[in-house]
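K.L.:
In this note's numbering, the protein residues as written are 3 to 657.
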């Protein structure tokens, strides 16, 4: 399989995985939704706490207040006193996160305090559990939003709607309040974390704003007529456009964990320890923060977050203009496809180690980009699918490599590991097209080496001694062959057959072959010295080298016995030349075809330390054309060629 085809298949695998994650992004199954929610929470932690505006304060019903004013609920008289204290402190808006649904004999007292303040917003809690039809409640409709643009869009994407009867303050209080607003919280059902604010809730055909939205609007002097709903897109508060999803929800841009916004104990307000300096010209939210009052929520920052602080956070982020917007489906898909294509391109060209590194780098880049968009631009882009896509792409491509490519690699390794160096085997595995196992015509340089007189030598000695000496000799010769990048074709008894320029192309194959032959003879001389010291007999060898076009490839009985080898007349000539080393009493004989390949290199200064001396023109048995033979010997100085004297070719009858 060629490198191009391999890269194409890897790229297509990457594209297929990306297509799968595009589908998952569109369908948004629960595992993807849950993973994305947790990654969204992580982005808050990575961003860290942000300093909130000072225009929002929480008058907390905390442990100190309970100790000072008694157990909850407090009397209407106490609540009236708190409202009066806030009015004296010049609070701009007072927003209750406490509902007064039951009548009390002191309702007129609290109602009078609320009316005198003229800036109090009371809460409504809508019912989402009841199966009953929504019921109209007197006094609720005036708090609905009157301006809705594109209301027909709600046919396809209806806003969050309630059923049954909402919980509202008793009549004397709601009639005294400036307005009503809902305090419903909609935590994600799979983990109970509060990530969204329902800016709008539909009830009985009307839309009602949240307490945070209503408070921010009144603080800015924006009445109901200037609080406009752009159906399925946004809520416009004067010149401020608050982005929402199709159902009128806004991601809550938390400033930090609990008590990030300023908390003032109601006990200190009642006792006059805080006043206009701390509360004046601010929105003051009244609600519980004491642990025992059970109004604690789970947020991306913490599992213990006062519910009233959620209401205050919404108002603060609106006043601060710090909004989070969920990326559109197109933006999510674009981010996923762009990162997926990048990863597919990288994996199509990289191996396992670099592919793993690229996966980590791309995942880090995707996460960093999403974090930057979130922290700096308030864009919540889907991160679960791009990260999952990159990771699954790496796993899929790696699995394919191991199941398909590794099988091919094992075959190539098994075939060539006995012939060539590990570096060449690895190159063939990386680019198997270079091997052309089916067979091809190619120019190669062939080397035959044979031990002289080996038959007589083996007859005079014990088999164990012969094998030990021969193995040592062949081991040393093999090291030299592999050093010079030769392909070790086979051992034929005591003979060695080697060739160059296959399976990997090698432009200087003739030069390498001659260098290898000279070093083989030098290594044999070193063995002679060693064997002399050990009292062992010596071996001598002849080497023949020829260059020419042959058929090279995987030859044999398919499925039974196959060898990667070379065949052709030039191979036979190399074998005949090796046998002529005995006749001409020389160690290395090289044909004129090889010498011709060496001339240009020698002229350029290659093959230093080797001299080629012409020996004789011969016509070997079975051939008609004469060939000139050269003896290769080690010599000092630059390479030289000494031509053979013109003479009648010697016709040989022996093989």
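Here a beta-carbon is modelled for each residue, glycine too, at the ideal position from N, C-alpha and C.
Can you tell me which of 235, 475, 301 and 448 puts its alpha carbon nearest to the alpha carbon of residue 456?
P.N.:
Of the listed residues, the one whose Cα sits closest to residue 456 is 475.
K.L.:
Can you tell me the Cβ-Cβ gap for residue 199 and residue 263, rounded? I've got them flagged as a contact below 8 Å.
P.N.:
No, residue 199 and residue 263 are not in contact; Cβ-Cβ is about 15 Å, not under 8 Å.
K.L.:
Using 8 Å as the cut-off, can you tell me whether the region 581-600 makes contact with the region 479-496, which would need three or more C-beta pairs spanning the two stretches below that distance?
P.N.:
No, the region 581-600 does not touch the region 479-496.
K.L.:
How about residue 166 and residue 206: are their beta carbons less than 8 Å apart?
P.N.:
Result no, Cβ atoms of residue 166 and residue 206 do not sit closer than 8 Å.
K.L.:
Roughly how far, in whole angstroms, is the beta-carbon of residue 52 from the beta-carbon of residue 257, given that I think they are within contact range, below 8 Å?
P.N.:
Between residue 257 and residue 52 the Cβ distance is about 5 Å, and since that is below 8 Å, they are a contact.
K.L.:
Since residue 383 and residue 372 are thought to touch, with beta carbons under 8 Å apart, how far apart are those beta carbons, to the nearest angstrom?
P.N.:
Confirmed, Cβ separation roughly 5 Å.
K.L.:
Roughly how far, in whole angstroms, is the beta-carbon of residue 212 from the beta-carbon of residue 183, given that I think they are within contact range, below 8 Å?
P.N.:
Residue 212 to residue 183, Cβ: 6 Å. Contact.
K.L.:
Give the range of the beta strand (DSSP E) segment to which residue 453 is assigned.
P.N.:
That run of the beta strand (DSSP E) goes 442-453.
K.L.:
Do residue 448 and residue 572 count as a contact pair if the criterion is CB distance below 8 Å?
P.N.:
For residue 572 and residue 448, yes; Cβs fall inside 8 Å.
K.L.:
So, does the region 19-38 touch the region 242-249, judging by three or more C-beta pairs under 8 Å?
P.N.:
They do not touch, by the three-pair rule.
K.L.:
Can you say whether residue 404 is buried or exposed, counting buried as having 16 or more other CB atoms within 10 angstroms of its CB?
P.N.:
Classification for residue 404: exposed.
K.L.:
Quick one: what's residue 308 bridged to in DSSP?
P.N.:
Note: residue 308 sits in a beta bridge opposite 298.
K.L.:
Am I right that residue 548 and residue 575 are in contact with their C-beta atoms under 8 Å? What's the rounded C-beta distance?
P.N.:
Between residue 575 and residue 548 the Cβ distance is about 5 Å, and since that is below 8 Å, they are a contact.
K.L.:
What is the residue span of the alpha helix (DSSP H) that residue 262 lies within?
P.N.:
That residue, residue 262, is in no alpha helix (DSSP H); it is neither H nor E in DSSP.
K.L.:
Does the Cβ of residue 568 have 16 or more other Cβ atoms within 10 Å, making it buried, or fewer, making it exposed?
P.N.:
Result: buried.
K.L.:
Using 8 Å as the Cβ pair cut-off and three pairs as the minimum, do the region 326-342 and the region 384-391 touch?
P.N.:
Yes, the region 326-342 is in contact with the region 384-391.
K.L.:
I need the DSSP call for residue 646, collapsed to helix, strand or coil.
P.N.:
Three-state result, residue 646: coil.
K.L.:
With 16 other CB atoms within 10 Å as the buried threshold, where does residue 73 fall?
P.N.:
Under this definition residue 73 is an exposed residue.
K.L.:
Can you give the Cα-Cα distance for residue 2 and residue 123, rounded to whole angstroms?
P.N.:
In the structure as shown, the chain starts at 3 and stops at 657, and residue 2 therefore has no counterpart that could be examined.
K.L.:
From the DSSP output, in three-state form, read off residue 595 for me.
P.N.:
Helix.
K.L.:
Kindly identify the DSSP beta-bridge partner or partners of residue 224.
P.N.:
None; residue 224 has no bridge partner.
K.L.:
Taking 8 Å as the cut-off, does the region 624-643 touch the region 602-614 (at least 3 CB pairs, one atom from each stretch)?
P.N.:
They touch, by the three-pair rule.
K.L.:
Alpha carbon to alpha carbon, how far is residue 55 from residue 71?
P.N.:
Cα-Cα distance, rounded: 30 Å.
K.L.:
Can you tell me the Cα-Cα spacing of residue 516 and residue 406, whole angstroms?
P.N.:
Cα to Cα, residue 516 sits roughly 40 Å from residue 406.
K.L.:
When you compare the CB positions of residue 266 and residue 276, do they come within less than 8 Å of one another, or not?
P.N.:
Contact: yes.
K.L.:
Using only alpha-carbon positions, find the residue among 255, 176 and 50 that is nearest to residue 141.
P.N.:
Ranking 255, 176 and 50 by Cα distance to residue 141 puts 176 first.
K.L.:
Please classify residue 355 as buried or exposed, where buried requires at least 16 other C-beta atoms within 10 Å of its C-beta.
P.N.:
Exposed, because fewer than 16 other Cβ atoms sit within 10 Å of the Cβ of residue 355.
K.L.:
When you compare each of 336, 496 and 364 to residue 27 by their alpha carbons, which one comes out closest?
P.N.:
The shortest C-alpha separation from residue 27 is found at 336.
K.L.:
On the three-state DSSP scale, how would you describe residue 518?
P.N.:
If DSSP states are grouped into helix, strand and coil, residue 518 belongs with the helices.
K.L.:
Check whether the Cβ atoms of residue 161 and residue 204 lie closer than 8 Å to each other.
P.N.:
Closer than 8 Å, so yes.
K.L.:
Would you mind listing the beta strand (DSSP E) stretches within the region 128-197 that are 3+ residues and don't spill past its ends, in chain order?
P.N.:
Whole beta strand (DSSP E) segments, 3+ residues: 149-151, 165-169 and 181-184.
K.L.:
Could you give the distance in angstroms between the alpha-carbon of residue 65 and the alpha-carbon of residue 306?
P.N.:
For residue 65 and residue 306, the distance between alpha carbons rounds to 15 Å.
K.L.:
If you draw a straight line from the C-alpha of residue 619 to the C-alpha of residue 542, how long is it?
P.N.:
Whole-angstrom Cα-Cα distance: 25 Å.
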